[in-house]
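Single-structure report; data block below.
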Amino acid sequence: MPHRVLSGGYNRSVSSYYSGQEGELRPCCVFAPTRSSEVAQFVRKVTNNGSSGSPKCTIRSGGHSIWDSAANIAGGITVDTRAMNQVGLSSDRNSSHTGLENVANITKETNGPLPEGNSRTMDLMYLFQNGDSSLYTELFALWEEAARLLADLQIVYLLQPHAVTNGTNSLGPEPGGHEFVMAVLTTACSDREDDGKVQKALQVIMNNQIRVLQDEGLYISFKYFNYADKSQGPIASYGKAIKRRIQSVSQKYDPQGQFHWYINSSDTAGFWLA
Numbered sequence: 001m002p003h004r005v006l007s008g009g010y011n012r013s014v015s016s017y018y019s020g021q022e023g024e025l026r027p028c029c030v031f032a033p034t035r036s037s038e039v040a041q042f043v044r045k046v047t048n049n050g051s052s053g054s055p056k057c058t059i060r061s062g063g064h065s066i067w068d069s070a071a072n073i074a075g076g077i078t079v080d081t082r083a084m085n086q087v088g089l090s091s092d093r094n095s096s097h098t099g100l101e102n103v104a105n106i107t108k109e110t111n112g113p114l115p116e117g118n119s120r121t122m123d124l125m126y127l128f129q130n131g132d133s134s135l136y137t138e139l140f141a142l143w144e145e146a147a148r149l150l151a152d153l154q155i156v157y158l159l160q161p162h163a164v165t166n167g168t169n170s171l172g173p174e175p176g177g178h179e180f181v182m183a184v185l186t187t188a189c190s191d192r193e194d195d196g197k198v199q200k201a202l203q204v205i206m207n208n209q210i211r212v213l214q215d216e217g218l219y220i221s222f223k224y225f226n227y228a229d230k231s232q233g234p235i236a237s238y239g240k241a242i243k244r245r246i247q248s249v250s251q252k253y254d255p256q257g258q259f260h261w262y263i264n265s266s267d268t269a270g271f272w273l274a
């Protein structure tokens, strides 16, 4: 496909990731489709229609997943879909076809489901029911105590209301919930050697805070897909019914499992649907 395998744009693509972990990876090439038919043609070519020996690939949309290999790949092919920015809405406004870059824009304009979000970075998140001021005092005390161990790093504890759902988000909590609060623990550092130390410290903070919430009966096991770490397994937190529905969609549209084994295998992509 002419002009879709990047040469001059290779460095621009690789250097534009949100996190350093992703930007450090070097794919053998970057493929930049502009329409879904080109993606379909690419999948047929790289999988040899399901035969063995196909190259490893991964797909990038906005590129905001932070861990390495979430949306980039070393030595394989990265499909950079940021040029797929077309938007179409049916006349009855009940369905749409959207490029991955414009999902937020079209859903905002039509009052549809909208994700909340837009160095080396690490995130952990959890959800809980709103409590009184004493709860937040205890959560912040645990945060401050552990954060002193990471004094030389950029570290943030973010609390924000979780978006109320109207039931149209297949990856969201059940509709009707209210006063949900999302907590995100975020760090940024420059040295790869600090990764293990930072990850362990964040995990300790989160575990201590979750124990407090569990004692108060306020902890919610749901994991928000956009902010969850690869260790948190958000798909399982949606419940068995939603997971089965997602798996049935995968089996219907990808019966040979090409997106599982060639495009987004468990070691070269985001969250594994198993």
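Letter by letter, the sequence shown follows residues 1 to 274 of the UniProt record's numbering.
Yeah, the Cβ is synthetic: ideal placement off N, Cα and C, and Gly gets one too.
Boundaries of the alpha helix (DSSP H) in which residue i is found, first to last residue
i: residue 292; result: Residue numbering for the chain in the displayed model covers 1 to 274; residue 292 lies beyond these limits and cannot be assessed.
i: glutamine 247; result: 240-253
i: proline 234; result: 234-237
Beta-carbon proximity list for residue i, same chain, < 7 Å, skipping 5 on both sides
i: proline 55; result: Val46, Gly76 and Ile77
i: glutamine 21; result: Ile66, Trp67, Asp68 and Arg120
i: glutamate 216; result: Gly131 and Leu135
i: leucine 213; result: Phe128 and Tyr219
Start and end residues, beta strand (DSSP E) containing residue i
i: tyrosine 126; result: 120-129
Bridge partner(s) assigned by DSSP for residue i
i: proline 161; result: Val181
i: alanine 188; result: Thr121 and Gln154
i: tyrosine 219; result: Phe128
i: arginine 60; result: Asp80
Residues near residue i in its chain [Cβ-Cβ closer than 6 Å; skip 5 each side]
i: alanine 188; result: Ser119, Thr121 and Gln154
i: leucine 158; result: Val184
i: phenylalanine 222; result: Leu127, Pro173 and Ser237
i: proline 161; result: none
i: tyrosine 227; result: Asp123, Met125 and Val184
i: leucine 139; result: Gln209
i: glycine 117; result: Any reading at glycine 117 must be qualified, since the residue scores a pLDDT of 35, below 50, and its modelled position is unreliable; the value itself is stated next. Within the same chain, glycine 117 has close Cβ partners Asn226.
i: alanine 147; result: Ile155
i: leucine 142; result: Asn208 and Gln209
i: serine 19; result: Ile66 and Thr121
i: threonine 186; result: Asp123 and Val156
Other residues of its chain near residue i: CB distance less than 8 Å, five sequence neighbours each side excluded
i: leucine 149; result: Ala201
i: arginine 245; result: Ser170
i: glycine 9; result: Val30 and Ala32
i: serine 15; result: Gly23
i: glutamine 232; result: Leu124, Met125 and Lys223
i: valine 181; result: Leu127, Phe128, Gln129, Asn130, Leu159, Gln160, Pro161 and His162
(request) Any chance you could list the beta strand (DSSP E) runs of at least 3 consecutive residues sitting entirely within the stretch 9-45, in chain order? (result) Listed in chain order, they are 29-31.
(message) Below 8 Å, how does it come out for the stretch 193-212 and the stretch 159-174: are there three or more Cβ pairs, yes or no?
(response) no
(message) Using a Cβ distance threshold of 8 Å, determine whether the stretch 26-44 contacts the stretch 179-195, with at least three qualifying pairs required.
(response) no
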